[in-house]
Amino acid sequence: MPALQAQKVWNLEECIAYAHDNNLQVKRQELKARAAEHDYDYARAQTLPTANAFGNYRFNKGRALNYDEYKYVNQSFSDANIGIESRLEVFNGLYNLNNIRSNKLSLLSQLEDIEDLKNEITINIAGAYLQILLNEELLKVAIEQLDITHQQVEKNEKLVEVGNVSRGELYEIQAQEAKEKANVTKARNTLSISYLTLMQYMDLENEDLDNFKVDTSDLTIDDANPLRVVDSVYSDALQVLPMVRSAEYNLESMQKGLSASKGLRSPSLSLRYLYYTLWSEISSDPLDPDNPYIWQDQLRDKGYQTLTFSLDIPIFNRMQIQNRISNAKVNVLDAQVNLDQTKQTLFKNIQQAYADAVAAIEDYESNLETVYSMQEAFNYTEERFNVGTVSSVDYNIAKNNLTKAQSDLAQSKYLYIFYTKILDFWAGVPITL
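Numbering (our numbering), first residue to last: 127 to 559.
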């Protein structure tokens, strides 16, 4: 894998493209599709004639058959024969045609499975990427709150020196600062873990975590796509999602497989061509028996050709064909259930994502009001704290309430962005930020 350039900044599209190119599950699925392509090529080749050459060389001793006179002779001699044979299935109940179609549809299903796997990777990458953006914002909140508290610590240290503030008040603020330092450390660790998660989804191995950075431009709620209703998303998803197309192709493949199996009940007509010639050590030229009958002349003179039409009519084959048809019917039913289940699961996922998006935007609107109220409350408390009319305990409570409200606002914002992006992605819109 290519090494990362120092401090390369990845955007979402680059992360997704890299994951698609390097994911081992995708590579395995591509190999499965290649095997399905080989099966398709093999099925098409079954419509071609076969051609095989053969040859035999024998040493005879004692009582052996002389093919020239077609009688047994009691002597030692050598003989040989060579030939070529070709067979062609002229008609076999449309088995080959339906088998070709079945294998082609199976190949198409495998190709759609590759795209479906890439879609899963895309969603995972998008979720991990947005988690980084959220954790970056939470880290900023934690650092900002720590800076404010640190300023209060420095201010109160000076006030303690002149006797305007008790040491107890200073200790309370210092304890708050220590707590917020721990919060910053925790936020940094959480951010590092989210970077690691994205790297793992990308299969970005042997890279320095410190050198892996993504574009962390701030997103607003306006970056989310308009929320679409469930039925609209579901209708589009049925047309574009590879998971649905794969299940549909699989059902059609099983149906063609059933038709192929039923074709085995029909009579089959085949054509056989044979060219055969032989040589014998004891053969004599019928036109010149006194001279040696050389092998080149024998092979030329003794050659013959046959063209045979064979008609096979299945009457009873110990339930072999019927069992094959019965299993093919089961495969069709299973493929139909799989398609229905795929659509059902898709609809449930869309319903859930829509409900989560609605909940997220409602939380965001509530949290937006909460942040405004908490900011006003904190500003008022800070003013009173600075003049000594509010204790450090009340100040810390107001400050912690503001921090929590800011964190909740960020989380609801990114959740809403994520779910709207996913809903549009299922409807065929690429995920971009």
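For glycine and all other residues, C-beta sits at the position ideal for the given N, C-alpha and C.
- Assigned with DSSP and collapsed to three states, Asp438 falls in strand.
- Annotation: the continuous alpha helix (DSSP H) that includes Arg293 extends over Arg293 to Met328.
- The alpha carbon of Asp239 has as its nearest neighbour, out of Arg170, Ser202, Asp341 and Glu374, the alpha carbon of Glu374.
- In this chain, Asp466 is not harboured by any beta strand (DSSP E); it is covered by the alpha helix (DSSP H) spanning Gln446 to Asn512.
- Taking C-beta atoms as the reference points, Ala268 and Ala301 fail to come closer than 7 Å.
- DSSP places Phe338 outside both helix and strand once states are collapsed to three, so it counts as coil.
- Where Tyr401 is concerned, there is no enclosing alpha helix (DSSP H), although the beta strand (DSSP E) around it starts and stops at Ser394 to Ser406.
- Under DSSP, Thr248 takes part in no beta bridge, so it has no partner.
- The Cβ atoms of Ile447 and Tyr327 lie no closer than 7 Å to each other.
- In terms of Cβ geometry, Leu259 and Val152 do not form a close pair [threshold 7 Å].
- By a beta-carbon distance limit of 8 Å, Asn493 contacts Leu535. Their separation comes to about 4 Å.
- With fewer than 16 neighbouring CB atoms inside 10 Å of its own CB, Gln467 falls in the exposed class.
- The continuous alpha helix (DSSP H) containing Asn148 extends over residues Leu138 to Asn148.
- Secondary structure at Arg391: coil, using DSSP grouped into helix, strand and coil.
- Under the three-state reduction of DSSP, Arg170 is assigned to helix.
- Leu296 is positioned such that its CB atom lies no closer than 7 Å to that of Asn315.
- Sequence-distant Cβ neighbours of Lys158 in its own chain, meaning closer than 7 Å and more than five residues away, are Gln236.
- Taking 7 Å as the cut-off, the beta carbon of Leu437 is found no closer than this to the beta carbon of Leu404.
- Taking C-beta separations shorter than 7 Å and ignoring five residues to either side along the sequence, the partners of Val497 in its chain run Ala531, Gln532 and Leu535, following chain order.
- Three or more beta-carbon pairs separated by less than 8 Å are not found between the segment 507–519 and the segment 449–465, which leaves the two stretches without contact.
- Val359 and Lys305 have their C-alpha atoms some 45 Å from each other.
- Per DSSP, the beta bridge partners of Asp205 are Arg184 and Ser406.
- Comparing alpha-carbon positions, the option among Pro415, Val355 and Val340 lying closest to Phe473 turns out to be Val355.
- Here the alpha carbons of Ala171 and Val370 stand approximately 30 Å from one another.
- The C-beta of Asp348 has fewer than 16 other C-beta atoms within 10 Å across all chains shown, which makes the residue exposed.
- Per DSSP, reduced to three states, the secondary structure at Lys428 is coil, with no helix or strand assignment.
- Inter-segment contact for the segment 412–428 and the segment 209–217 is absent: fewer than three beta-carbon pairs are separated by less than 8 Å.
- Straight-line measurement puts the Cα of Leu330 at about 50 Å from the Cα of Thr176.
- When C-alpha distances from Leu233 are compared across Asn261, Lys307 and Asp167, the shortest belongs to Asp167.
- Each of Leu322, Tyr193 and Gln271 was checked against the Cα of Asp334, and the nearest Cα belongs to Leu322.
- Ranked by Cα distance from Asn309, the options Gln277, Leu264, Lys339 and Ser343 are led by Leu264.
- In chain order, Tyr375, Glu378, Ser379 and Lys382 place their CB closer than 7 Å to the CB of Leu231, counting only its own chain and leaving out the 5 sequence neighbours on each side.
- By the Cβ neighbour-count rule, Ile226 is buried, with 16 or more other Cβ atoms within 10 Å of its own.
- Note on Phe551: 16 or more other CB atoms within 10 angstroms of its CB, so buried under the neighbour-count rule.
- At a Cβ-Cβ threshold of 7 Å, Ala553 and Asp362 count as neighbours.
- Per the Cβ contact rule, the segment 187–206 is in contact with the segment 407–415 (3 or more Cβ pairs under 8 Å).
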